[in-house]
Amino acid sequence: MFSARDRNAFSKKSNIPQVEKYSNLKYSHRLNFYDRPPIDDITIEDFETCALDRLRVLAEIESSFVRNRSWEELKSVALTQSEKYLPVHASTAIAVDRDAERKKDHVGHFVLRLAFCRSEELRRRFVKSEMALFRIRWDTDDRVEREEFLNSRDFDWIPVSESEIKEHAEELTAAAGGLKDFKIENEKFYKVKWTRVPDLVERRRVFLKGGMAYVPAREQSSLVFQEFQSNLEKALELTAKALPRLDEDTRIVPILDNLSQGFLAGVSSEWSTASSSESTGKITAEMIDDMARKHFPMCMRHLHECLRRDRHLKHHGRLQYGLFLKVLGLSIEEAITFWRRSFSQIQDDKFNKEYRYNIRHSYGLEGKRANYAAKSCVQILTGETPGPGDSHGCPYRHFSQENLSSALLATYSSQGLTQADLPEILHAVKSQHYHVACTRVFEITHARDGVYKGEGVGGGESVTHPNQYAARSRELEKARLETMKAESDGDIVMS
Ligand code: SF4
Numbered sequence: 007m008f009s010a011r012d013r014n015a016f017s018k019k020s021n022i023p024q025v026e027k028y029s030n031l032k033y034s035h036r037l038n039f040y041d042r043p044p045i046d047d048i049t050i051e052d053f054e055t056c057a058l059d060r061l062r063v064l065a066e067i068e069s070s071f072v073r074n075r076s077w078e079e080l081k082s083v084a085l086t087q088s089e090k091y092l093p094v095h096a097s098t099a100i101a102v103d104r105d106a107e108r109k110k111d112h113v114g115h116f117v118l119r120l121a122f123c124r125s126e127e128l129r130r131r132f133v134k135s136e137m138a139l140f141r142i143r144w145d146t147d148d149r150v151e152r153e154e155f156l157n158s159r160d161f162d163w164i165p166v167s168e169s170e171i172k173e174h175a176e177e178l179t180a181a182a183g184g185l186k187d188f189k190i191e192n193e194k195f196y197k198v199k200w201t202r203v204p205d206l207v208e209r210r211r212v213f214l215k216g217g218m219a220y221v222p223a224r225e226q227s228s229l230v231f232q233e234f235q236s237n238l239e240k241a242l243e244l245t246a247k248a249l250p251r252l253d254e255d256t257r258i259v260p261i262l263d264n265l266s267q268g269f270l271a272g273v274s275s276e277w278s279t280a281s282s283s284e285s286t287g288k289i290t291a292e293m294i295d296d297m298a299r300k301h302f303p304m305c306m307r308h309l310h311e312c313l314r315r316d317r318h319l320k321h322h323g324r325l326q327y328g329l330f331l332k333v334l335g336l337s338i339e340e341a342i343t344f345w346r347r348s349f350s351q352i353q354d355d356k357f358n359k360e361y362r363y364n365i366r367h368s369y370g371l372e373g374k375r376a377n378y379a380a381k382s383c384v385q386i387l388t389g390e391t392p393g394p395g396d397s398h399g400c401p402y403r404h405f406s407q408e409n410l411s412s413a414l415l416a417t418y419s420s421q422g423l424t425q426a427d428l429p430e431i432l433h434a435v436k437s438q439h440y441h442v443a444c445t446r447v448f449e450i451t452h453a454r455d456g457v458y459k460g461e462g463v464g465g466g467e468s469v470t471h472p473n474q475y476a477a478r479s480r481e482l483e484k485a486r487l488e489t490m491k492a493e494s495d496g497d498i499v500m501s
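Numbering (the working numbering), first residue to last: 7 to 501.
The structure is reproduced here in structure tokens:
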């Protein structure tokens, strides 16, 4: 970025010793331009975990763009997700393994490059989310550490001499004069090719001469962000060219295929196999009608209503709904009771022969005795497209706009959803962000539990799994009932 002389001057001014302060760290800086790929050996599990955890953060950033969240809201959601899945602490942090955190960050970034380099659309979305993550880290970085990071790189910015500043004082002031407390005699400027700062050129915030933009030092962040973006764009194109060599690798390619779906409906976490009944208790066959009405997302509401109406569900519908109910906390005995009663037009013989085995199989009690996972939103969205007579799938994706609008009103109007909410939901659907639409419906229908717009299923998180939706809904109800009970017992005094 600076010449050696300039670098020293900068350090003296900001009182940063030039010796490496954190020489014991393999990764000296929290910020990373990801110039070099990681070279350490890594297990296939770590390869996937690092990428999935990073994708959880990026997918929420992407959802925030779709939801038109303000920069501050987006930052807060991304920081909450980062704290959970991808913490990267300052070099001065104690009691954390900073190198391990930074290695995970580094590996995850490079794995996702492999997953998202494959089409222009994926590259564009990846760059946009990565840019936002970098900006958030830049904003929250310790000032001194940020300067050290800048000094560690050669950005090739040419400092503008004092005589040149004097010569163009008028033009420089006209371009940058809008900056707070701007005084030309106190400012430093750098020259860069104008193409490196298109945002500043577009906003007329720089003086242009001979193809060079004169950038005030205070606009340094624009230069850095632009540099980050163009480096990443170039790197992704190079990765895309090299990718066909990986096609033979049967371990990695399925992981990359799976990761590249991440922007479709986020990354679901612990909701696939674990039962969500621990905090809210086991459920019985009798409870399902009431629970469906209060807690199920649209996909499961639709399946439940079709089952009640037709007294039957086709194979994919039974699979999607059955595994959802299993993870919700329905025991095998209760599941058999539920399905037996639901298929009321079928004789015992036929039920025992054709359905009982499959139900037991899905609980891992027959065949290869596998613990089958409930389907996540991504799996439902990308799975078998429903044909005539089928009820599985995601209504936000698989219903026409008209059918979806009437189904939403019919299903959720008793929980507060109105006609006025539809344009926003349909907007998310049109832009193919189905889980964002579902998240908005969750917020609207749980407003009486104190869920506000943008909160999602907690901390701004989007819906990524039907069981996560239902479990969160049950938790909110439980909390509300407990509060009401405490109030009626006189434990809580309302102000
Ligand atoms: S987004 Fe997920 S939870 Fe919501 S309806 Fe679709 S599949 Fe179900």
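Even glycine gets a Cβ: it sits at the ideal position worked out from N, Cα and C.
Residue i in three-state terms, based on DSSP
i: A248; result: helix
i: I289; result: strand
i: K18; result: At K18, the pLDDT of 35 sits below 50, so the modelled position is not reliable and the matter cannot be decided from this model.
i: F53; result: helix
i: A376; result: coil
i: L482; result: helix
i: L37; result: coil
i: V212; result: coil
i: I171; result: helix
i: V273; result: coil
i: R11; result: Residue placement at R11 is poorly supported in this model, since its pLDDT is 37, which falls under 50; the coordinates are not used for a value here.
i: E68; result: helix
i: L262; result: helix
i: K90; result: helix
i: E467; result: strand
i: Y327; result: helix
i: Y475; result: helix
i: L336; result: strand
i: Y361; result: helix
i: V166; result: coil
i: V102; result: coil
i: V203; result: coil
i: Y458; result: coil
i: P23; result: Model confidence at P23 stands at a pLDDT of 39, short of 50, so the residue's coordinates are unreliable and nothing is read from them.
i: Y369; result: coil
i: A219; result: strand
i: K381; result: coil
CB-CB length for residue i against residue j, believed under 8 Å
i: R36; j: V94; result: 5 Å
i: L336; j: F344; result: 7 Å
i: G216; j: A65; result: Between A65 and G216 the Cβ distance is about 43 Å, and since that is not below 8 Å, they are no contact.
i: E79; j: S70; result: 7 Å
i: R124; j: L244; result: Not really, about 13 Å apart at Cβ, beyond 8 Å.
i: I83; j: L270; result: Here residue 83 turns out to be Val, not Ile, going by the sequence shown. That pair is no contact at about 18 Å.
i: G464; j: R478; result: 6 Å
i: F116; j: P44; result: 6 Å
i: M304; j: P401; result: 5 Å
i: A380; j: F330; result: 5 Å
i: L309; j: Q326; result: 6 Å
i: F349; j: Y363; result: With 8 Å as the limit, F349 and Y363 do not qualify as a contact, their Cβ atoms being about 14 Å apart.
i: R210; j: L185; result: The Cβ separation is near 13 Å, so there is no contact.
Residue i versus the options, residue with shortest Cα-Cα distance
i: P394; options: H322, R454 and L432; result: H322
i: E126; options: L242, T451, S411 and D47; result: L242
i: N473; options: S368, R346, T451 and H301; result: H301
i: A437; options: P43, V72 and E51; result: Reading the sequence as shown, one finds Ser at residue 437 and not Ala. Closest option to S437, Cα to Cα, is V72.
i: H112; options: I67, I164, D148 and D52; result: D52
i: G422; options: V447, H404 and C305; result: V447
i: T55; options: L265, K32 and F195; result: L265
i: H267; options: Y440, S494 and K194; result: The question names His, but residue 267 in the sequence shown is Gln. That would be Y440, whose Cα lies nearest to the Cα of Q267.
i: R317; options: Q353, M297, L331 and L329; result: Q353
i: K359; options: R375, I342 and G370; result: I342
i: S368; options: K332, K356, E340 and S382; result: K332
i: D103; options: R129, R152, N30 and G462; result: N30
i: D105; options: S34, D495 and T146; result: S34
i: M137; options: L487, L229, K491 and C312; result: L229
i: N453; options: E467, K288 and E483; result: Checking the displayed sequence, the identity of residue 453 turns out to be Ala instead of Asn. For the residues E467, K288 and E483, the minimum Cα distance to A453 belongs to E483.
i: L206; options: D47, E170, I48 and V221; result: V221
i: L432; options: E239, S406 and A416; result: S406
i: V442; options: A180, T424 and E467; result: E467
Contact test: residue i Cβ vs the ligand COA heavy atom, cutoff 6 Å
i: I431; result: As for the ligand COA, it is missing from this structure, which binds only the ligand SF4.
request  = Only counting runs of 3 or more residues, tell me where the beta strand (DSSP E) segments fall wholly within the region 173 to 201, in order along the chain.
outcome  = Fully enclosed beta strand (DSSP E) runs of no fewer than 3 residues occupy 195 to 199 of the region 173 to 201, in order along the chain.
request  = Would you mind listing the alpha helix (DSSP H) stretches within the region 396 to 422 that are 4+ residues and don't spill past its ends, in chain order?
outcome  = Within the region 396 to 422, the complete alpha helix (DSSP H) segments at least 4 residues long are 401 to 404 and 407 to 418, listed from N- to C-terminus.
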